[in-house]
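*Asks:* Under mature numbering (1 follows the signal peptide of the UniProt record, and there is no 0), the residues of the sequence shown are numbered -23 to -1, 1 to 320, in order.
Built from N, CA and C at the ideal position, the CB exists for glycine as well.
If you scroll down you'll find the structure; I have some questions about it.
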Amino acid sequence: MTLPPLSLRARIIALTAATAVLATVAVGYTVAAADGDGRSPESVAAPGLTLDNAPGLYHAARKGNVRSAPYSSSGTGAADGARSRSTGLSCDRFYASGRSAVCIASHPGISQKTKVNVLDRELNTRKTVVVGGIPNRARVSPSGRMVAWTLFVSGDSYASSSFSTRSGILDTRTGYLVKNVETLQLYLEGRRYHAPDVNYWGITFADDDNRFYATVATKGKTYLVEGDVKTWKARTLRRNVECPSLSPDGTRIAFKKRVREGAQNPWRLHVLDLGTMRETPVAETRSVDDQAAWLDDSTLAYALPGRAKGTSDIWTVPADTSAATPSLLLSDASSPSMVVAGG
C-alpha cells in the first residue's frame, strides 16, 4: 500500500519539530561540555588580563562583573572606577591574593548550589568545587596557597537568629579539600567543646598557610577562633568578634562587633591588636555587614548598601582613629581585594 504524500502544512510541522529537537540536543551538549571540563561562564577571564599585568583594587561591580581599578593610598586615581578594566569574570564574591584568586557564584538549578572556582595568577580555572548554599564570604591566603569560602545554607542574613553557614578550605598545593570546617576540634575558653549548633564563617589566613582565624557561633554567642590546619584544632580567643580579617603585617584583626541587639544596624567595625588584645572602634559608625579587606597596613575597605535598591558601594576608613569620617571609594561595587604586581 502506498501512503499518500504529506501535505505542505504537515511537512512544515515536521520540519519545525525536528529543528526544535536538534536545538535542544545542541543546548544540552553545550551545557554538558561546560560542566564536564570544570569551566563555566563565570570562570572565563578576559584574554590577556592577569593579576600581574592588572594589579590594583579588584572588586565585583554591577551584576557581579569583576573589575580591576588603579589604586594608591590616596585613592583609585579614577572616579568610580572610570579607568577600571573588566576581567570577564562574573562572581557573587571574589578575592585575590598571592598566586591565586577565588570566584564564588550561584549555580542555577532546582536546589541552591554554589560554584567555587579557584583561579591561578592568569585568572584561569585551576579547580571547581560545587557546594550547597548561597555565596557569602571568600578569602585567599597571602601566598595564594589556601582558599576559603563561606555559604549561607539557611537564612540569608547574620542579623537573623535563624541563619546557618558552612565554610570550606582548599589547599591548592596538595589538593586537600575540607567542605565543612565544623569537623574542627574546638576548644572554647580552654575546654574541648561539642554542640550541634556550631557555625563557622569569615575565615582569614596568616602568611604561614597554616594558621587561620574565623568566627564561631554557638548558644547565641560569637567568638574569634585561631585555627591550625595541620593539627585541625581551633581555640577561642575573644567573644563578640565576627568576620575577622587579618592585617598584612599579621598583627591586627579587623572585625565587626555587635554593639546592639536586634536586626537593625547591630554592628560596628573594630580593630583588634593581637599582641595586647585591645580593640579600637574605627571612624565608620554605620553598621557594616561585611568582611573588611585591608588595602594596606593602615586602610580598610568594605561594602555598604548603595543608594539604589540591591546595590552596594565600597568605602574606606583608616584602621585607627586618625580619620573623622570614612571615604567613598567605588560606587556599585563590592568584594574588594588589593592585588600587587608580582604577588
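So what's V79 in DSSP terms, helix, strand or just coil?
*Replies:* It is a strand residue.
*Asks:* By Cβ distance, which residues of its chain are closer than 7 angstroms to D274, with the 5 residues on each side in sequence left out?
*Replies:* Hits under 7 angstroms: S224, P225, D226.
*Asks:* Skipping 5 residues on each side, what residues in its chain have a beta carbon closer than 6 angstroms to that of A231?
*Replies:* Cβ within range, chain order: S222, V248, A269, L277.
*Asks:* Report yes or no: do the segment 112 to 121 and the segment 180 to 189 share at least 3 C-beta pairs separated by less than 8 angstroms?
*Replies:* A contact exists between the segment 112 to 121 and the segment 180 to 189.
*Asks:* The beta strand (DSSP E) that contains Q241, what's its start and end?
*Replies:* Neither: Q241 is in no beta strand (DSSP E) and is coded neither H nor E.
*Asks:* Over the uninterrupted beta strand (DSSP E) stretch that includes C220, give me the two end residues.
*Replies:* 219 to 223 is the span of the beta strand (DSSP E), which, as asked, contains C220.
*Asks:* Would the beta-carbon of K90 fall within 7 angstroms of that of V107?
*Replies:* Closer than 7 angstroms, so yes.
*Asks:* Would you say the segment 69 to 81 touches the segment 35 to 52, given that touching needs at least three Cβ pairs under 8 angstroms?
*Replies:* Touching, yes.
*Asks:* Can you check whether the CB of T64 is closer than 7 angstroms to the CB of L34?
*Replies:* No. Outside cutoff.
*Asks:* So, helix, strand or coil for K210, using DSSP?
*Replies:* Strand at K210.
*Asks:* Nearest to D296 by CA position, among A285, T257, I146, L128, is which residue?
*Replies:* Correcting the residue identity first, residue 296 is Ala in this sequence and not Asp. Nearest of A285, T257, I146, L128 to A296, Cα basis: T257.
*Asks:* Report the start-end ranges of each beta strand (DSSP E) in the segment 105 to 156 that is 3 residues or longer and not cut off at the edges.
*Replies:* Qualifying beta strand (DSSP E) stretches, in chain order: 111 to 117, 123 to 131, 141 to 148.
*Asks:* Quick one: measure Cβ to Cβ for T142 and L128, integer angstroms, because I've assumed they're closer than 8 angstroms.
*Replies:* T142 to L128, Cβ: 7 angstroms. Contact.
*Asks:* Using CA coordinates, which residue listed in L272, T160, G239, S61 is at the minimum distance from D205?
*Replies:* Checking every option, the nearest Cα to that of D205 belongs to T160.
*Asks:* Specify the secondary structure class of K40 as computed by DSSP and reduced to three states.
*Replies:* Three-state DSSP puts K40 in a helix.
*Asks:* Pull up the CB-CB distance for V95 and R103, whole angstroms please, since I reckon it's below 8 angstroms.
*Replies:* Contact flag correct, Cβ pair sits at about 5 angstroms.
*Asks:* Does DSSP classify V158 as helix, strand or coil?
*Replies:* V158 falls in the helix class under three-state DSSP.
*Asks:* Kindly confirm or deny that the segment 288 to 303 and the segment 259 to 268 touch, where touching means at least three C-beta pairs closer than 8 angstroms.
*Replies:* Touching, per the Cβ criterion.
*Asks:* When you compare each of L165, I180, F140 to V158 by their alpha carbons, which one comes out closest?
*Replies:* Of L165, I180, F140, the residue nearest in Cα terms is I180.
*Asks:* Reducing DSSP to helix, strand and coil, say where E256 ends up.
*Replies:* E256: strand per DSSP, three-state reduction.
*Asks:* Going by beta-carbon coordinates alone, are V202 and A191 separated by less than 7 angstroms?
*Replies:* Closer than 7 angstroms, so yes.
*Asks:* Going by other Cβ atoms of all chains shown within 10 Å of its Cβ, with 16 needed for buried, is G110 buried or exposed?
*Replies:* Buried, since its Cβ has 16 or more Cβ neighbours within 10 Å.
*Asks:* Can you tell me whether DSSP reads K196 as helix, strand or coil?
*Replies:* Here K196 sits in coil by DSSP.
*Asks:* Rounded to whole angstroms, what is the Cα-Cα separation between S311 and A31?
*Replies:* Roughly 18 angstroms between the two C-alpha positions.
*Asks:* Taking the straight line between their C-alpha atoms, what separation do you get for A314 and L165?
*Replies:* According to the sequence shown, residue 314 is Ser rather than Ala. Cα-Cα distance, rounded: 31 angstroms.
*Asks:* I'd like to confirm the pairing. Which residues does DSSP put opposite G204 in its beta bridges?
*Replies:* According to DSSP, G204 bridges with F189, A211.
*Asks:* With C-beta atoms as the reference, is L246 less than 7 angstroms away from K233?
*Replies:* For L246 and K233, yes; Cβs fall inside 7 angstroms.
*Asks:* Going by alpha carbons, who is nearest to M123 out of S131, L251, S77, S83?
*Replies:* Out of S131, L251, S77, S83, S77 has the C-alpha closest to the C-alpha of M123.
*Asks:* Between which two residues does the beta strand (DSSP E) harbouring P85 extend?
*Replies:* Premise fails: P85 is in no beta strand (DSSP E) and is neither H nor E.
*Asks:* Suppose you measure from the CA of V218 to the CA of G283; what does that come to, to the nearest Å?
*Replies:* C-alpha separation (whole angstroms): 25 angstroms.
*Asks:* Among R212, I291, A285, which has the Cα closest to the Cα of Y279?
*Replies:* It is I291.
*Asks:* Given 6 angstroms as the limit, tell me if R114 has its C-beta closer than that to any heavy atom belonging to the ligand GTP.
*Replies:* This structure does not include the ligand GTP; it has no bound ligands of any sort.
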